[in-house]
Amino acid sequence: ENGWFTDSHVKTEDTTAIYMMKNFLNQVLQAIRLDGIQVFGYTAWSLLDGFEWQDAYTTRRGLFYVDLNSKQKERKPKSSAHYYKQIIQENGFTFKESSPDVRGQFPCDFSWGVTESVLKPKVVASSPQFSDPHLYVWNVTGDRLLHLVEGVRLKTRPAQCTDFVSIKRQLEMLARMKVTHYRFALDWPSVLPTGNLSVVGRQALRYYRCVVSEGLKLNISPMVTLYYPTHAHLGLPTPLLHGGGWLNPSTAQAFQDYAGLCFQELGDLVKLWITINEPNRLSDIYSHTGNDTYRAAHNLLIAHALVWRLYDRQFRPVQRGAVSLALHSDWAEPANPYADSHWQAAERLLQFEIAWFAEPLFKTGDYPLAMREYIALKNRQGLSRSTLPRFTEEERRLVKGAADFYALNHFTTRFVMHARQTGSRYDADRDVQFLQDITRLSSPSRLAVLPWGERKVLRWIQKNYGDVDVYITASGIDDQSLENDELRKYYLEKYIQEALKGEVRAVSGSVKRHYQLRRTKE
Numbered sequence: 001e002n003g004w005f006t007d008s009h010v011k012t013e014d015t016t017a018i019y020m021m022k023n024f025l026n027q028v029l030q031a032i033r034l035d036g037i038q039v040f041g042y043t044a045w046s047l048l049d050g051f052e053w054q055d056a057y058t059t060r061r062g063l064f065y066v067d068l069n070s071k072q073k074e075r076k077p078k079s080s081a082h083y084y085k086q087i088i089q090e091n092g093f094t095f096k097e098s099s100p101d102v103r104g105q106f107p108c109d110f111s112w113g114v115t116e117s118v119l120k121p122k123v124v125a126s127s128p129q130f131s132d133p134h135l136y137v138w139n140v141t142g143d144r145l146l147h148l149v150e151g152v153r154l155k156t157r158p159a160q161c162t163d164f165v166s167i168k169r170q171l172e173m174l175a176r177m178k179v180t181h182y183r184f185a186l187d188w189p190s191v192l193p194t195g196n197l198s199v200v201g202r203q204a205l206r207y208y209r210c211v212v213s214e215g216l217k218l219n220i221s222p223m224v225t226l227y228y229p230t231h232a233h234l235g236l237p238t239p240l241l242h243g244g245g246w247l248n249p250s251t252a253q254a255f256q257d258y259a260g261l262c263f264q265e266l267g268d269l270v271k272l273w274i275t276i277n278e279p280n281r282l283s284d285i286y287s288h289t290g291n292d293t294y295r296a297a298h299n300l301l302i303a304h305a306l307v308w309r310l311y312d313r314q315f316r317p318v319q320r321g322a323v324s325l326a327l328h329s330d331w332a333e334p335a336n337p338y339a340d341s342h343w344q345a346a347e348r349l350l351q352f353e354i355a356w357f358a359e360p361l362f363k364t365g366d367y368p369l370a371m372r373e374y375i376a377l378k379n380r381q382g383l384s385r386s387t388l389p390r391f392t393e394e395e396r397r398l399v400k401g402a403a404d405f406y407a408l409n410h411f412t413t414r415f416v417m418h419a420r421q422t423g424s425r426y427d428a429d430r431d432v433q434f435l436q437d438i439t440r441l442s443s444p445s446r447l448a449v450l451p452w453g454e455r456k457v458l459r460w461i462q463k464n465y466g467d468v469d470v471y472i473t474a475s476g477i478d479d480q481s482l483e484n485d486e487l488r489k490y491y492l493e494k495y496i497q498e499a500l501k502g503e504v505r506a507v508s509g510s511v512k513r514h515y516q517l518r519r520t521k522e
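Residue numbers (UniProt numbering): 1 to 522.
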């Protein structure tokens with residue numbers, strides 16, 4: 001006998017019982033395969049809901065739900081019955097979600113890159129020997145120090161990019177990897193400390209131009225991100241931060257001024273731009289209320305669109321580059337594939353996280369209908385007080401079509417279930433809850449390694465937004481191994497396989513795929 005229970009009010013959607021059964025059976029399989037235990041059978045408890053001793057009828061342990069209040073005592077199979085049947089048919093865990101590996105090569109012009117977050121500019125050269133006018137003698141007294149020679153002035157030369165040793169070392173590592181692209185982010189406060197054009201960080205811009213130009217000498221093309229906020233650091237110039245940040249609509253205009261300066265100073269060398277990295281994850285910062293989250297997101301969308309229109313109108317005719325924003329695009333899978341409510345929750349999460357920004361840009365110029373209707377429904381039910389901002393007609397025209405390609409950051413697949421929530425926060429509006437499937441391969445931070453989720457999200461993008469060009473701008477996994485990082489190697493192999501399958505499938509639609517690995521501190 002082996003099994004788990006649910007409360008008496010649970011009918012056929014016994015998701016917890018599925019996950020407990022999956023864990024139990026996976027441990028049995030490990031005992032057989034890894035420990036050599038001669039287990040030759042398994043029996044689930046029990047077939048029907050019934051009288052459970054001291055718990056009487058307050059708990060249910062059956063694979064079939066029994067309506068104890070009806071005269072006929074109807075039996076209905078629960079999700080756990082369907083799952084147990086699947087396990088029996090497959091005689092275990094086959095993980096058949098992923099199709100067989102594809103042998104072949106990516107297109108000749110496919111981009112291979114490495115990405116990281118904000119690259120802090122160095123304003124002082126690492127190698128000052130040609131810019132310092134002083135003469136020194138070394139170790140005169142045996143102290144192994146440099147001593148200035150008074151009264152001597154040497155000729156110097158203008159500063160050069162090669163003076164920055166850190167740039168050389170960084171690019172040498174990239175060159176050894178044979179990558180074609182390097183994605184990094186500028187530090188907005190270093191370029192415009194006051195948040196406007198009154199003070200320009202020329203040294204910072206010179207440093208970034210050195211990174212780009214030295215990389216191009218090694219055939220490494222740049223993809224430059226203008227704004228890269230994180231959970232710990234919002235990354236705004238201090239005056240803008242004190243002025244309300246992205247809750248203040250004027251921040252969008254300040255962002256346009258900053259972007260215009262960057263296009264002017266770097267655009268002759270940079271052909272791929274990302275305006276904002278993961279604006280759909282800034283809800284983690286602007287989370288006091290759902291309305292704060294939606295207001296900040298609205299201003300971020302307007303800011304991106306202003307920058308795209310500026311580039312399209314003023315810089316594209318000469319620089320001929322491409323501009324987009326990078327959306328966090330993890331896949332959502334129903335925790336219980338036998339429950340309609342879980343399928344609906346998975347699609348709802350995609351609408352609230354991805355379509356929230358993608359729909360206005362790539363399709364309608366407005367927020368997704370599913371998102372608007374669900375928030376309105378919760379408002380009518382008294383379960384939420386959130387309100388999505390409304391686009392004016394001018395804003396719709398501004399936002400619609402304001403992206404040259406779909407840039408996505410993809411790391412994992414999340415298992416979700418429907419869970420009714422109340423409150424005025426963005427997370428509560430979605431009515432979803434995440435479940436951890438401990439039988440799946442996962443990273444130390446518990447990110448599930450499910451390569452097929454990447455291909456599913458690529459197909460979802462194509463289904464919803466057509467044959468848009470796609471650039472995978474970040475992907476990777478945490479691996480604590482110092483040298484032999486087997487988990488990361490496996491992750492790269494399998495996830496890139498899914499990108500290749502997406503490429504093969506999309507040839508007829510002329511969809512381009514590009515792949516960037518996120519560099520971690522390790």
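For glycine and all other residues, C-beta sits at the position ideal for the given N, C-alpha and C.
Identify whether residue i lies in helix, strand or coil by the three-state DSSP scheme.
i: Y207; result: helix
i: S46; result: coil
i: D268; result: coil
i: A448; result: strand
i: V323; result: strand
i: Q160; result: coil
i: Q433; result: strand
i: K120; result: coil
i: W138; result: strand
i: T225; result: strand
i: D7; result: strand
i: N248; result: coil
i: R425; result: coil
i: F357; result: helix
i: N336; result: coil
i: V66; result: strand
i: V276; result: For the record, residue 276 in the displayed sequence is Ile; it is not Val. Residue state, collapsed to three classes: strand.
i: S287; result: coil
Take residue i and list the residues in its own chain whose beta-carbon comes closer than 7 Å to its own, dropping the five residues that flank it on each side.
i: Q421; result: A428, D431
i: residue 591; result: The structure shown does not extend to residue 591, since the chain spans only 1 to 522, so no value can be given for it.
i: R446; result: Q436
i: L266; result: Y208, R209, V212, V224
i: D101; result: Q497
i: L234; result: L241, G245, I285
i: H82; result: Y338
Suppose the cutoff is 6 Å on Cβ atoms and the five residues either side in sequence are ignored; what does the same chain contact list for residue i look like?
i: F255; result: A303
i: R488; result: I477, D479
i: S46; result: R61, G62
i: A448; result: T412, T413, R440, S442
i: Q203; result: V123
i: N26; result: T439
i: D404; result: A322, V323, S324
Taking Cβ to Cβ, would you say residue i is nearer than 8 Å to residue j?
i: G245; j: T238; result: no
i: residue 595; j: R455; result: Look at the range of the chain in this structure, 1 to 522, and you will see that residue 595 is not part of it.
i: W4; j: T16; result: yes
i: V137; j: V149; result: yes
i: L306; j: A332; result: no
i: N371; j: F391; result: The question names Asn, yet the displayed sequence has Met at residue 371. No, they are not a contact pair.
i: T180; j: S221; result: yes
i: I285; j: E214; result: no
i: N291; j: P249; result: no
i: V490; j: S287; result: One point to set straight first is that residue 490 is Tyr, not Val, in the sequence displayed. Cβ atoms of Y490 and S287: not closer than 8 Å.
i: R295; j: L247; result: yes
Tell me which same chain residues have a C-beta within less than 8 Å of the C-beta of residue i, skipping the five on either side of it?
i: R309; result: L398, A402
i: D257; result: L192, N196, L197
i: I37; result: A31
i: T43; result: E1, N2
i: V507; result: With a pLDDT of only 26 at V507, under 50, the local geometry of the prediction cannot be trusted, and no value is derived from it.
Between the options, which has its C-alpha nearest residue i's C-alpha?
i: I18; options: T439, T412, L458; result: T439
i: L216; options: N91, T6, I87, A175; result: A175
i: E1; options: G41, D14, L29; result: G41
i: F434; options: S213, F415, S424; result: F415
i: S442; options: L458, T412, V457; result: T412
i: N69; options: S8, E90, F164, A81; result: S8
i: V200; options: N484, T392, A474, A259; result: A259
Touching by the beta-carbon criterion (3+ pairs, under 8 Å), the segment 324-337 and the segment 265-282: yes
Are the segment 49-61 and the segment 111-124 touching by the rule of at least three beta carbon pairs closer than 8 Å? no
Below 8 Å, can you find three or more Cβ-Cβ pairs linking the segment 346-366 to the segment 21-34? no
Stretch-stretch touch, CB-based, cutoff 8 Å, three pairs: the segment 138-157 with the segment 70-86: no
Could you tell me whether the segment 227-238 touches the segment 150-159, where touching means 3 or more Cβ pairs closer than 8 Å? no
Report yes or no: do the segment 358-367 and the segment 464-474 share at least 3 C-beta pairs separated by less than 8 Å? yes
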